[in-house]
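Residue numbers (the numbering used here): 1133 to 1341.
What follows is the structure in structure tokens.
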């Protein structure tokens, strides 16, 4: 296989990786390829200049030289086009992988906090005012932690919306719909989690007063 053909095959490779680490590795490979392409560009320019001089001198092989120069330029342009396309796809793949990772981390965090809330709700009732104040302070601190994490949930939601707005051609319609579902799910779970401590507090203070 000719070098330029192997380059085209490599650039058309649909494997971008699925995890952030895998995509990062592909990005580094592509960076190295672009640097190599840059060094080859100098050779192509030198070849063009030499060919143009021969054509200007009406070389007896002018027709062949012009044809070969045209073929080289076309192949170079095609490789540059494929290179740009792969760069764009890698950027989309990285956004996609980051979104999937962040959604998983957020859902894990929300699940952990939900369990903590359930555990608090099932604890033995407190009767003394001192214990009620301590419980209130504990809930307030917990609610502050949830509020502080709201920015993280909003960031994930915005990242997902940004991914969808790019018309990501790495994803099927079903996968795009699933991502929209992830965005709504994270948003709803986050809002629900933020409202639960307050409800539990009101219930606890009213029933234990």
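Beta carbons: idealized from backbone N, C-alpha and C, even for Gly.
Cutoff 8 angstroms; reference residue i; Cβ partners in own chain excluding five residues on either side
{"i": "residue 1197", "result": "1183, 1186, 1187, 1191"}
{"i": "residue 1233", "result": "1151, 1152"}
{"i": "residue 1170", "result": "none"}
{"i": "residue 1280", "result": "none"}
Top-ranked residue by Cα proximity to residue i, from the options
{"i": "residue 1157", "options": "1222, 1217, 1174", "result": "1222"}
{"i": "residue 1296", "options": "1205, 1228, 1215, 1211", "result": "1228"}
{"i": "residue 1172", "options": "1144, 1202, 1159, 1209", "result": "1209"}
{"i": "residue 1178", "options": "1168, 1189, 1164, 1204", "result": "1204"}
{"i": "residue 1216", "options": "1286, 1275, 1159", "result": "1159"}
Cβ-based neighbour list, residue i, same chain, cut-off 6 angstroms, excluding 5 preceding and 5 following
{"i": "residue 1293", "result": "none"}
{"i": "residue 1226", "result": "1155"}
{"i": "residue 1147", "result": "none"}
Counted within 10 angstroms of its Cβ, other Cβ atoms place residue i as buried (16 or more) or exposed
{"i": "residue 1288", "result": "buried"}
{"i": "residue 1211", "result": "buried"}
{"i": "residue 1273", "result": "exposed"}
{"i": "residue 1224", "result": "buried"}
{"i": "residue 1282", "result": "exposed"}
{"i": "residue 1235", "result": "buried"}
{"i": "residue 1267", "result": "buried"}
Sub-8 angstroms separation of residue i and residue j beta-carbons
{"i": "residue 1115", "j": "residue 1214", "result": "Outside the modelled stretch of the chain, which goes from 1133 to 1341, sits residue 1115, for which no answer is possible."}
{"i": "residue 1218", "j": "residue 1162", "result": "yes"}
{"i": "residue 1291", "j": "residue 1246", "result": "no"}
{"i": "residue 1284", "j": "residue 1238", "result": "yes"}
Contact test: residue i Cβ vs the ligand MG heavy atom, cutoff 7 angstroms
{"i": "residue 1281", "result": "Within the structure as shown, the ligand MG is missing, as the structure has no ligands at all."}
Cβ-based neighbour list, residue i, same chain, cut-off 7 angstroms, excluding 5 preceding and 5 following
{"i": "residue 1201", "result": "1180, 1183"}
Which full runs of the alpha helix (DSSP H) of 4+ residues lie inside the region 1227-1299, going along the chain? If we require 4 residues or more, the alpha helix (DSSP H) runs fully inside the region 1227-1299 come out as 1261-1297.
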